[in-house]
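> Below: one structure in structure tokens.
Numbering (the numbering used here), first residue to last: 1 to 71.
Okay, here's the thing in structure tokens:
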């Protein structure tokens with residue numbers, strides 16, 4: 001016998017939003033940590049994070065990170 005449950009879409013979207021927020025907060029914190037370690041050097045921070053400088057720049061813009069604080 002297989003039991004099928006239909007989840008309340010409101011509860012699902014709340015959980016999905018909470019997960020997205022958690023992932024975003026974590027990603028922002030990791031980026032800030034990398035920038036601190038490199039004294040704001042975006043090229044080195046991107047290398048540490050395993051991404052490109054362009055992708056990192058997009059994330060810095062997305063999360064409104066002020067890079068002047070790391071210089």
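All residues carry an ideal CB built from backbone N, CA and C; glycine is no exception. Bear in mind the structure is a predicted one, so any value in this text is a computation, not a measurement.
1) State yes or no: is the C-beta of residue 67 within less than 8 angstroms of the C-beta of residue 40?
2) Do you know how far the Cα of residue 26 is from the Cα of residue 16?
3) Let's test the definition: count the other Cβ atoms within 10 Å of the Cβ of residue 56 and tell me whether it reaches 16, buried, or not, exposed.
4) In the DSSP assignment, find the unbroken alpha helix (DSSP H) run with residue 39 in it and report its ends.
5) If I measure Cβ to Cβ from residue 13 and keep anything under 6 angstroms in the same chain, skipping five residues before and after, which residues do I get?
Inspection of the coordinates gives the following:
1) Result yes, Cβ atoms of residue 67 and residue 40 sit closer than 8 angstroms.
2) A direct Cα-to-Cα measurement between residue 16 and residue 26 gives close to 15 angstroms.
3) With 16 or more other Cβ atoms within 10 Å, it is buried.
4) Taken as a continuous stretch (DSSP letters only), residue 39 belongs to no alpha helix (DSSP H), as it is neither H nor E.
5) Around residue 13, the same chain offers no residue with a beta carbon nearer than 6 angstroms, after the five sequence neighbours per side are excluded.
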